[in-house]
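**Q** Order-wise, the sequence lines are chains A, B, C and D. Residues in the first sequence are numbered consecutively from 1, following my numbering. Residues in the second sequence are numbered consecutively from 197, following my numbering. Residues in the third sequence are numbered consecutively from 393, following my numbering. Residues in the fourth sequence are numbered consecutively from 589, following my numbering. Here a beta-carbon is modelled for each residue, glycine too, at the ideal position from N, C-alpha and C. In this text, all values refer to a predicted model and were calculated from it rather than measured experimentally.
4 protein chains.
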Amino acid sequence: MPRSATDLKPRILAEARRLLVAEGHGALSTRRIAREVGCTAPSIYLYFANKDALVHALVDEGFQLLRADLEAARASAPGHALEALCKAYADFALANPEFYEVMFHLGPAEMARYPKERYREQRAVLDLIGRAALGAGAVAEHALRTATLIWSSLHGAISLHLAHRIDKSVRGPELLADAVRVAVQAARLEPTLRTE
Amino acid sequence: MPRSATDLKPRILAEARRLLVAEGHGALSTRRIAREVGCTAPSIYLYFANKDALVHALVDEGFQLLRADLEAARASAPGHALEALCKAYADFALANPEFYEVMFHLGPAEMARYPKERYREQRAVLDLIGRAALGAGAVAEHALRTATLIWSSLHGAISLHLAHRIDKSVRGPELLADAVRVAVQAARLEPTLRTE
Amino acid sequence: MPRSATDLKPRILAEARRLLVAEGHGALSTRRIAREVGCTAPSIYLYFANKDALVHALVDEGFQLLRADLEAARASAPGHALEALCKAYADFALANPEFYEVMFHLGPAEMARYPKERYREQRAVLDLIGRAALGAGAVAEHALRTATLIWSSLHGAISLHLAHRIDKSVRGPELLADAVRVAVQAARLEPTLRTE
Amino acid sequence: MPRSATDLKPRILAEARRLLVAEGHGALSTRRIAREVGCTAPSIYLYFANKDALVHALVDEGFQLLRADLEAARASAPGHALEALCKAYADFALANPEFYEVMFHLGPAEMARYPKERYREQRAVLDLIGRAALGAGAVAEHALRTATLIWSSLHGAISLHLAHRIDKSVRGPELLADAVRVAVQAARLEPTLRTE
DNA sequence: CATGAATGAGCGTTCATTCAT
DNA sequence: GATGAATGAACGCTCATTCAT
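1) Considering only the alpha carbon of each residue, which of Arg327(B), Tyr241(B) and Asp287(B) lies closest to Ala373(B)?
2) Could you tell me which whole alpha helix (DSSP H) segments of length 4 or greater appear in the stretch 487 to 516 of chain C?
3) The alpha helix (DSSP H) spanning Val335(B) covers which residue range?
4) Spatial neighbours of Leu20(A) within its chain, please: CB distance less than 7 Å, with the 5 preceding and 5 following residues excluded, ordered by chain position.
5) When you compare the CB of Pro761(D) with every CB in chain C, is at least one pair closer than 8 Å?
6) Classify Ser348(B): buried if its beta carbon has 16 or more other beta carbons within 10 angstroms, exposed otherwise.
7) Does the contact criterion of 3 or more C-beta pairs under 8 Å hold for the stretch 360 to 369 of chain B versus the stretch 130 to 145 of chain A?
8) Under 8 Å by Cβ, that's how I've got Leu322(B) and Thr344(B) pegged, so tell me the actual separation to the nearest angstrom.
9) For Leu85(A) and Leu65(A), I'd like the C-alpha separation in whole angstroms.
10) Spell out a yes or no on whether the stretch 201 to 208 of chain B and the stretch 227 to 240 of chain B are touching, meaning 3 or more CB-CB pairs, one atom from each, closer than 8 Å.
11) Keeping to the same chain, check which residues put their C-beta closer than 7 Å to that of Ala332(B); ignore five residues upstream and five downstream.
12) Would you say Ala320(B) reaches chain A, if we count a Cβ-Cβ gap shorter than 8 Å as a contact?
13) The stretch 124 to 152 of chain A: which residues have C-beta closer than 8 Å to a C-beta of chain B, in chain order?
14) Taking Cβ-Cβ distances below 9 Å as the criterion, which residues of the stretch 352 to 365 of chain B are in contact with chain A?
15) Compute the Euclidean distance between the alpha carbons of His553(C) and Gly695(D), then round it to the nearest angstrom.
16) Do Glu15(A) and Ile33(A) count as a contact pair if the criterion is CB distance below 8 Å?
17) With His613(D) as the anchor, note down where its alpha helix (DSSP H) starts and where it stops.
18) Comparing the C-beta of Val102(A) with each C-beta of chain B, is any distance below 8 Å?
19) Could you list which residues in chain D have their beta carbon closer than 7 Å to that of Val429(C), in chain order?
20) Since Ala305(B) contacts Ala68(A) with CB under 8 Å, what's their CB separation in whole angstroms?
21) Any idea what DSSP makes of Ala593(D), helix, strand or coil?
22) Using Cβ-Cβ distances below 8 Å, what residues of the stretch 457 to 468 of chain C are close to chain D?
23) Taking C-beta to C-beta, are Ala676(D) and Ala661(D) nearer than 8 Å?
24) Where do the N-terminal and C-terminal ends of the alpha helix (DSSP H) with Ala434(C) fall, by residue?
25) If you drop the 5 nearest sequence neighbours on each side, which residues of the same chain put their C-beta closer than 7 Å to that of Ala53(A)?
26) Taking 8 Å as the CB-CB cut-off, is His668(D) touching chain C?
27) Do you know how far the Cα of Arg606(D) is from the Cα of Arg711(D)?
28) Between which residues of its own chain and Ala571(C) is the CB-CB distance below 6 Å, once the five residues before and five after are set aside?
29) With a CB to CB cut of under 8 Å and the five nearest residues on each side skipped, what residues in its chain are close to Ser200(B)?
30) At a Cβ threshold of 8 Å, is Ala230(B) touching chain A?
31) If you compare alpha carbons, which of Ser355(B), Ala334(B), Gly222(B) and Leu254(B) is closest to Glu317(B)?
32) DSSP state of Arg557(C), grouped into three classes?
33) Put Pro598(D) into one of helix, strand or coil per three-state DSSP.
34) Can you tell which of Ala530(C), Ala555(C) and Asp452(C) has its C-alpha closest to the C-alpha of Tyr511(C)?
35) Among Arg573(C), Leu567(C), Arg523(C) and Glu566(C), which residue has its Cα nearest to the Cα of Glu463(C)?
36) Is there a Cβ of chain B sitting closer than 8 Å to that of Glu117(A), yes or no?
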């Protein structure tokens, strides 16, 4: 664990995040990061086995932050766990677009094998939503499915927002709030929907 | 306006489309297109100012395809326009995942300046949804907002599906169907939601 | 087939040969060749698919030269075919150390897959020696084995000579002549040796 | 002079030797040695001026091993010293192919300045062969020359064998045995040959 | 005695692009 | 209208080596 005055590792990660959201996944190169951070490209390999490992570190970091936010939200709003969770999820995405991008937009091709950890973290987030959905009226047998639906509802609004695809006249935050509302309704309505 | 039988432009576009669909945005290179088309890389520059222009042409094509699908769907299901539209949208995304990716996932930096056309097409899609939502109970004043909400609901499920983020036990098509249902409900419930 | 005024291809090959013998296989790099030739590294890829292909081209060229020399030698000395062949082989090695090195010293690890052509050429050389050995008293059933023995005798002296391993007091050309003599004797003595 | 039980120098050499034998000269890197030994790369520089020095140490070791083998062989077969020597030489090469490679195939450029020691050892090997050749009928005045000829005969078969250049139908061990025989004959016949 | 941090040079290779012909 | 030749920039990565601590 290197601990020099300049402490490159976090700076590399930070720059990688910044590049990722500012210029897209295609602009994320070891040389670019190094140049921006002020070190040489090989120095990155002192802290990460390769570029994939760097990206994975970003993903892991993001999931830890997200889970912490979600758990804090659940704890702080015992009555409206689901709403609080959804709100926290959306807030996380807007506050950390870089993390969100790398966590949920990278396809499997860009994201070389390292799946176990990642899916476990992702699944933990989903389970959090699922448990909250039960408290909001969802049917236990469909908990995972309902949670996924809620998640995808939130993700849709966030994803379009982060890609700047939303019309100026529809304000982002409002859309997000709408999406949270739809997500929560989805949990409540889900039994009804199923019988249709 | 093609003149000779061997006019390269459409063949370049066709090959670019094929490569995009078959191997993704990352595999789109001028050299590969040229090789596959049977011309040389510089020839591409006779018809497209640069690679970005080629990609933009592809994106435009994608939007035209999507619009055509949506309009056909609307025409063929006069009673349930919104449902048909949502279904057609989801079908398009699943049938052309790489097209969808390049149309809706590329950030503004990746997608160099060329915004007018793209946003006009995107807006047309949105208006189609909006009009159908009116027929399904949405409030006229909020048509655009409601349409965006419906769109984002669809997009969320599609996006997660395309990024392989959905748990194996939740089957993709089912989630898509759920998302369509939620989207349609969103239009109907929107007045209610608003009053909450 | 590019045919510019500078005609890079042969110059690349020549420089590769030069580098190989002057500084060893480890110094043979595309960038080094390019620098020395006065072009850029990617230009090499206009003429060779990759570095391996370049090396293979060297090998092929070498075998063609060697075969031409051997066949000329055989034709010009009908009576003493074997001696003439051995002499020509040694002369080729001394005159083209770069070729000889890449043809017979590179191990299979350095020499990525492309074996068919190479082994066919090598075998042709061996067959030439074998046929000449028959004329010098070798037993037909052991032609290949005898040819290989003759070949290895020549190769040993050449290899040590090219690696500068021979004591100054033993003059290279003399050793080579001795080796040729031993090789020719090997053909004659081979039946005797076998009965031992 | 090793002092502590963990003295790195011999362990570095041992690992370097292991790597050389197991994966060849190209796989010898300071980092790999260090990783495998459990120290850091810079530690190697405490015991060796640079990588070349390490390789030279290895080469010296190889020559000592070879000499030990040859002397043991001579001692154990008083009657047929030359045959035993040749056999031992071939056995050493086949048992330590990568050692052999680095000892006898590296050109002078690859093998940076350090010639004195190396040539002395090499010469010692040659003298051993020379003395045995005398016992087998060689002429004293030509001892060195005859020894070199014997050596080159052995080396030729070994070199082709190590480079995988020998046809499958000619079995390696047989060729080696043939080469030994030719080498021994060379000593006996040498006076005759010379008069030709 | 040994390390952690960092470097400069280099590797093979691919890319979009230019330009004279 | 199209090409062959060539380029500059960049890519991920490995190397031997240095040096303050």
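**A** So, from the data block:
1) Ranking Arg327(B), Tyr241(B) and Asp287(B) by Cα distance to Ala373(B) puts Asp287(B) first.
2) 489 to 496
3) Neither: Val335(B) is in no alpha helix (DSSP H) and is coded neither H nor E.
4) Leu28, Glu98, Glu101 and Val102
5) No, Pro761(D) does not count as interfacial toward chain C.
6) Residue environment: Ser348(B) is assigned as buried (16 or more neighbouring CB atoms within 10 Å of its CB, all protein chains considered).
7) yes
8) About 7 Å; that satisfies the 8 Å criterion.
9) For the pair Leu85(A) and Leu65(A), the Cα-to-Cα distance works out to about 14 Å.
10) Touching, per the Cβ criterion.
11) Apart from sequence neighbours up to five positions away, the residues of its chain that approach Ala332(B) with a beta-carbon distance below 7 Å are Leu278, Val380, Ala383 and Arg384, ordered along the chain.
12) no
13) Leu126, Leu144, Arg145, Thr148, Leu149, Trp151 and Ser152
14) Gly352, Ala353, Ile354, Ser355, Leu356, His357, Leu358, Ala359, His360, Arg361, Ile362, Asp363 and Ser365
15) 10 Å
16) yes
17) No alpha helix (DSSP H) contains His613(D), which DSSP labels as neither H nor E.
18) no
19) By Cβ distance, chain D contributes nothing, its closest Cβ being about 20 Å from Val429(C), past 7 Å.
20) 29 Å between Cβ atoms; not a contact.
21) Summary for Ala593(D): the model assigns pLDDT 49, below 50, so the residue's position carries little reliability, and this model does not support an answer.
22) none
23) For Ala676(D) and Ala661(D), yes; Cβs fall inside 8 Å.
24) According to the sequence shown, residue 434(C) is Pro rather than Ala. Taken as a continuous stretch (DSSP letters only), the alpha helix (DSSP H) holding Pro434(C) covers Ala433 to Ile436.
25) none
26) With 8 Å as the cut-off, His668(D) does not count as an interface residue toward chain C.
27) 26 Å
28) Ser545, Leu546 and Ala549
29) Since pLDDT at Ser200(B) reaches only 49, below the 50 mark, its modelled position is unreliable, and the value read off the structure follows with that caveat. Once the five neighbours on either side are set aside, Ser200(B) has no close Cβ partner at all.
30) no
31) Leu254(B)
32) coil
33) helix
34) Asp452(C)
35) Arg523(C)
36) The C-beta of Glu117(A) comes no closer than 8 Å to any C-beta of chain B.
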